[in-house]
Ligand SMILES: C[S@@+](CC[C@H](N)C(=O)[O-])C[C@H]1O[C@@H](n2cnc3c(N)ncnc32)[C@H](O)[C@@H]1O
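In this note's numbering, the protein residues as written are 11 to 263.
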């Protein structure tokens with residue numbers, strides 16, 4: 011399973027920012043939203059953040075820009091490599107390392123005020139047992155009084171009766187056009203996702219990059235049950251706080 015995820019993100023990493031019309035603006039907006047959420051829920055726990063699924067740094071970079079001390083890791087070596095370069099380009103100091111969140115506490119060996127896994131990282135784990143394993147690790151890395159922030163797609167709102175396409179849109183980047191879209195093929199609570207990046211470099215030619223991964227469409231209700239099982243308290247789903255539903259939980263002891 012990890013191999014599939016690692017390969018998917020290895021292929022997607024060069025294009026990942028193109029998912030957003032303007033990645034820089036979006037990650038700034040996401041950081042402001044997360045900052046507000048942290049201030050409201052853990053007012054005295056606003057210093058050290060662990061981003062456990064940092065990818066190319068969408069949440070890590072913005073939070074570091076706001077003054078948080080961010081430590082970041084991800085399963086994808088290519089994602090982590092690009093995140094390190096993006097941080098260096100912006101003069102941000104963030105220790106980035108490769109780690110599977112199912113072994114997070116062994117890897118980081120310490121606790122943080124806030125632990126994050128944002129933008130649908132958790133549904134890459136393909137069973138409740140695997141997700142619980144990861145959530146227990148997120149819990150182990152959270153300081154007493156601190157919190158965990160997870161965001162996922164709202165799978166309860168998805169129509170699973172038919173395969174579907176999701177369009178991200180047309181992007182222009184350094185004189186090259188990109189058309190980005192996904193196909194979802196449902197298998198009950200799982201779906202096979204195919205991501206297409208059509209790269210049109212004019213006279214130089216057109217290349218279609220095709221990447222595939224499998225997701226477990228876990229409901230936020232089930233995720234909240236697993237968070238409580240992992241030890242988190244005051245577990246809640248927040249809508250409209252972020253661009254996806256956010257599940258938060260606090261480590262009380
Ligand atoms: C959709 S991306 C989001 C990345 C980043 N949070 C962002 O918003 O750009 C999901 C991320 O989850 C990571 N991931 C998936 N399974 C993981 C695991 N077991 N441990 C750590 N990271 C994982 C992937 O490598 C990928 O970077």
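Built from N, CA and C at the ideal position, the CB exists for glycine as well.
Closest by C-alpha distance to residue i, when choosing among the options
i           : options               : result
residue 55  : 154, 222 and 242      : 154
residue 14  : 143, 117, 208 and 85  : 85
residue 104 : 111, 112, 95 and 110  : 95
residue 172 : 60, 198 and 188       : 198
residue 259 : 196, 179, 145 and 169 : 145
residue 106 : 217, 87, 99 and 209   : 87
residue 83  : 53, 217, 102 and 118  : 118
residue 237 : 44, 175 and 140       : 140
residue 135 : 110, 120, 156 and 116 : 110
residue 92  : 138, 76 and 21        : 21
residue 256 : 190, 143, 188 and 157 : 157
residue 177 : 31, 16 and 233        : 31
residue 143 : 77, 47 and 115        : 115
residue 90  : 49, 48 and 16         : 16
residue 168 : 226, 113 and 211      : 226
residue 112 : 138, 101 and 102      : 138
residue 212 : 188, 196 and 233      : 188
residue 49  : 78, 33 and 27         : 78
residue 193 : 210, 209 and 170      : 170
residue 128 : 263, 52, 43 and 120   : 43
residue 265 : 34, 53 and 120        : Outside the displayed span of the chain (11 to 263) sits residue 265, for which this structure offers no information.
residue 27  : 196, 180 and 235      : 180
residue 233 : 81, 165, 209 and 218  : 165
Beta-carbon gap between residue i and residue j smaller than 8 Å
i           : j           : result
residue 131 : residue 63  : yes
residue 66  : residue 133 : no
residue 207 : residue 18  : no
residue 76  : residue 45  : yes
residue 191 : residue 175 : yes
residue 262 : residue 247 : no
Cβ-heavy atom distance, residue i to ligand 2, below 7 Å
i           : result
residue 256 : In the structure on display, ligand 2 does not appear, and the ligands it does have are ligand 1.
> Are at least three pairs of beta-carbons, each pair with one atom in the stretch 153-164 and one in the stretch 242-261, less than 8 Å apart?
Replying inline: Touching, yes, given that three or more Cβ pairs across the two stretches are closer than 8 Å.
>> Report the start-end ranges of each beta strand (DSSP E) in the stretch 55-112 that is 3 residues or longer and not cut off at the edges.
In response: Taking only runs of at least 3 residues, the beta strand (DSSP E) segments lying wholly in the stretch 55-112 are 58-61, 79-84 and 106-108.
>> For the structure I just gave you, are there three or more beta carbon pairs, one from the stretch 32-42 and one from the stretch 61-74, closer than 8 Å?
In response: Yes, since at least three Cβ pairs between the stretch 32-42 and the stretch 61-74 fall closer than 8 Å, the two stretches touch.
> If we count Cβ pairs, one from each stretch, closer than 8 Å, do we get three or more for the stretch 196-209 versus the stretch 218-227?
Replying inline: Under the 8 Å Cβ criterion, the stretch 196-209 counts as touching the stretch 218-227, having at least three qualifying pairs.
> Counting Cβ pairs, one atom from each stretch, are 3 or more of them under 8 Å apart for the stretch 135-151 and the stretch 175-185?
Replying inline: Contact fails: fewer than three Cβ-Cβ distances are below 8 Å.
>> Ignoring anything shorter than 4 residues, give me the alpha helix (DSSP H) runs that lie fully in the stretch 136-186, in order along the chain.
In response: Considered as a whole, the stretch 136-186 harbours 138-150 as its complete alpha helix (DSSP H) runs of no fewer than 4 residues, in chain order.
> Does the count of Cβ pairs from the stretch 48-66 and the stretch 121-139 closer than 8 Å reach three?
Replying inline: In short, these stretches touch, since the Cβ pair count reaches three.
> Taking the runs of the beta strand (DSSP E) that are 3 residues or longer, which of them lie wholly in the stretch 200-238?
Replying inline: Fully enclosed beta strand (DSSP E) runs of 3 or longer: 200-210 and 216-226.
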